[in-house]
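Asks: Provided herewith is a single structure, encoded as structure tokens, for subsequent inquiry.
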């Protein structure tokens, strides 16, 4: 998959759908034959992965929204894991 | 129940189960194919009239309000219903993730276009084998060419291609060819699902159960293919549970996440549960989905573990496998509350090992003919 760097633009994988489920109080990732219930941070990151924003922009938005700093490594690590699992793809 | 005045009784009441996250609509039992391994009930022609479009849409709305999110549209062949597009459109508007489970027969380009517009998320196409002869023999039709065309259409409309092949004694030696066919068709997911012995498949079990050696060869071929294609194609190989020593956690426990609605509106905690005797399953014509799921005796019967007998009741693994499959326990032992005989702790396990031994014998003595699913 190569290294995940802040200039890349992640998007939801093909055939997958991310949506908020009130009954589960969580974002879920829907795919053929399955569903993954995301925890709060995973949901916040993934809902920003629209293929147009870079990881750096997503990180800045999260830091602003949650009034915090130093999220860059965590976001990169999550995106890397999610790309491995094919939850996310990198837009070329 | 009159327990509200008793705080102790209240405290031991089982916690309210989660919602029916997974909804399966068996829209019709009508099907152009006659597969020998179909899990539909043998007496499917004797069930009641099919639900109307309005019934299905009401059930969609009620289930979605409870939290249902995955929707499978199956049958029979769901394309036989000419209101399929209407049902998909409503489900999409409600936020369901919608899977059409089809033989492909009846999936014209015009219908595929309409289904895409309506918001269908993906299509699972079934194949019986990699060769035209075996596909057509096992489904008692001439459908191989047609299915190949449908597979191309599915790609053309940019759907993830989920190919499902039911494996058994007569086609399991073709796994390598089946996987090659899947690759040529551009499949994204391949499910090699060994036959589960319910309905028509149970009747044909001795014809269909593979030998242990066949199974090992098929698993080895699957692994070679996985090593070759890597992440590009996901291959699921579902082992026939007869070869296991512990039972499958069937439906993750009845009444925990799955809700099946049959063509006549009977609500079931699994596709095959209608066979279980003495259990009154509710109908969505007369009950709301909420009352079906939370209040009906049919759905509460096998929740928790108070229904269990030994060896399950005191078994440390009961929370993991829920005693296995109730239908299999009933079919093989005559009592749905017994341990699934697949478990080697079951006093009935010899029934399973005997069937496997027959399959392992070089030429199993089969007196009965192979029976094709048909109206009778």
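Residue numbers (the working numbering), protein chains in the order written: chain S, 7 to 98; chain D, 4 to 379.
Glycine residues also receive a C-beta, built at the ideal position from the N, C-alpha and C atoms.
Computed from a predicted structure; not experimentally measured.
#1: To the nearest whole angstrom, what separates the beta carbons of residue 183/D and residue 213/D, a pair I think is in contact under 8 Å?
#2: When the Cα atoms are used, what is the spatial distance from residue 10/D to residue 31/S?
#3: Going by the CB atoms, is the gap between residue 94/S and residue 19/S shorter than 8 Å?
#4: Our contact map puts residue 81/S next to residue 61/S with C-beta atoms below 8 Å; I'd like the distance itself, whole angstroms only.
#5: According to a CB-to-CB cut-off of less than 9 Å, which residues of the stretch 30-41 of chain S neighbour chain D?
#6: What residue does the alpha helix (DSSP H) around residue 225/D start on, and which one ends it?
#7: Give the straight-line distance between the Cα atoms of residue 186/D and residue 135/D, rounded to the nearest whole angstrom.
#8: So, do the stretch 66-84 of chain D and the stretch 25-35 of chain D have three or more beta carbon pairs nearer to each other than 8 Å?
#9: Whether or not the stretch 247-259 of chain D and the stretch 220-236 of chain D are in contact is what I'm after, with contact meaning three or more pairs of Cβ atoms, one per stretch, closer than 8 Å; do they touch?
#10: Going straight from the alpha carbon of residue 149/D to that of residue 360/D, what length do you get?
#11: Please confirm whether residue 193/D and residue 238/D have their CB atoms less than 8 Å apart.
#12: Determine the contact status of residue 97/S and residue 15/S, defining contact as a CB-CB distance below 8 Å.
#13: Tell me which residues share the same chain as residue 311/D and place their Cβ nearer than 6 Å to its Cβ, disregarding the 5 neighbours each side in the sequence.
#14: Chain D beta carbons: is any one of them nearer than 8 Å to that of residue 97/S?
#15: Determine the DSSP secondary structure at residue 30/S, reduced to helix, strand or coil.
#16: Can you list the residues of chain S that residue 234/D reaches, using a CB-CB cut of under 8 Å?
#17: Quick check: the Cα distance between residue 29/S and residue 53/S, rounded to an integer number of angstroms?
#18: Could you work out which residues of chain D lie near residue 23/S, taking near to mean beta carbons separated by less than 9 Å?
#19: For a contact meaning CB atoms closer than 8 Å, what does residue 27/S contact in chain D?
#20: With the cut-off set at 8 Å, would you say residue 338/D and residue 321/D are in Cβ contact?
#21: Tell me where the beta strand (DSSP E) around residue 167/D begins and ends.
#22: Expressed to the nearest angstrom, what Euclidean distance is found between the alpha-carbon atoms of residue 343/D and residue 301/D?
#23: Going along chain C in order, which residues have a C-beta closer than 8 Å to the C-beta of residue 165/D?
#24: Select from 204/D, 191/D, 272/D the residue whose C-alpha is nearest the C-alpha of residue 232/D.
#25: If you draw a straight line from the alpha carbon of residue 86/D to that of residue 290/D, how long is it in whole angstroms?
#26: Tell whether a beta-carbon distance below 8 Å holds between residue 80/D and residue 121/D.
#27: Any beta carbon of chain D sitting closer than 8 Å to that of residue 15/S?
#28: Looking at the structure shown, is residue 86/S part of a helix, part of a strand, or coil, going by DSSP?
#29: Using a beta-carbon distance below 8 Å, is residue 22/D in contact with chain S?
#30: Just verifying my parser: in three-state terms, what is the DSSP assignment at residue 258/D?
#31: Compare the C-alpha of residue 84/S against each of 25/S, 22/S, 44/S and name the closest.
#32: Under a three-way DSSP split, which group does residue 12/D fall into?
#33: Which residues in chain S sit within 7 Å of residue 192/D, going by Cβ to Cβ distance?
#34: Please classify residue 91/D as buried or exposed, where buried requires at least 16 neighbouring CB atoms within 10 angstroms.
#35: Roughly how many angstroms lie between the CA atoms of residue 29/D and residue 78/S, to the nearest whole one?
#36: Rounded C-beta distance between residue 202/D and residue 153/D? I'm assuming under 8 Å.
Replies: In terms of the structure at hand:
#1: Not confirmed; about 20 Å, so no contact.
#2: Its pLDDT being 41, under 50, residue 10/D is placed unreliably by the model, and the measurement read from it follows with that caveat. One C-alpha to the other measures close to 30 Å.
#3: yes
#4: 6 Å
#5: 30, 34, 36, 37, 38, 39, 40, 41
#6: 215-232
#7: 17 Å
#8: yes
#9: no
#10: 38 Å
#11: yes
#12: yes
#13: 326
#14: Not closer than 8 Å to any Cβ of chain D, the Cβ of residue 97/S fails to qualify, so no.
#15: Note: residue 30/S maps to helix in three-state DSSP.
#16: 92
#17: The alpha-carbon atoms of residue 29/S and residue 53/S are separated by roughly 18 Å.
#18: 100, 124
#19: Under the 8 Å cutoff, chain D gives 70, 72.
#20: Their beta carbons are not under 8 Å apart, which means residue 338/D does not touch residue 321/D by this criterion.
#21: 164-170
#22: 19 Å
#23: Absent here is chain C; the protein component of the structure consists of chains S and D.
#24: 191/D
#25: Taking the CA atoms as reference points, residue 86/D sits about 23 Å from residue 290/D.
#26: no
#27: Answer no: the Cβ-Cβ gap between residue 15/S and chain D never drops below 8 Å.
#28: Here residue 86/S sits in helix by DSSP.
#29: yes
#30: coil
#31: 44/S
#32: Bear in mind that the predicted position of residue 12/D carries a pLDDT of just 43, short of 50, making it unreliable; the figure below should be weighed with that in mind. Three-state result, residue 12/D: helix.
#33: 38
#34: buried
#35: Taking the straight line from one Cα to the other gives about 47 Å.
#36: Between residue 153/D and residue 202/D the Cβ distance is about 25 Å, and since that is not below 8 Å, they are no contact.
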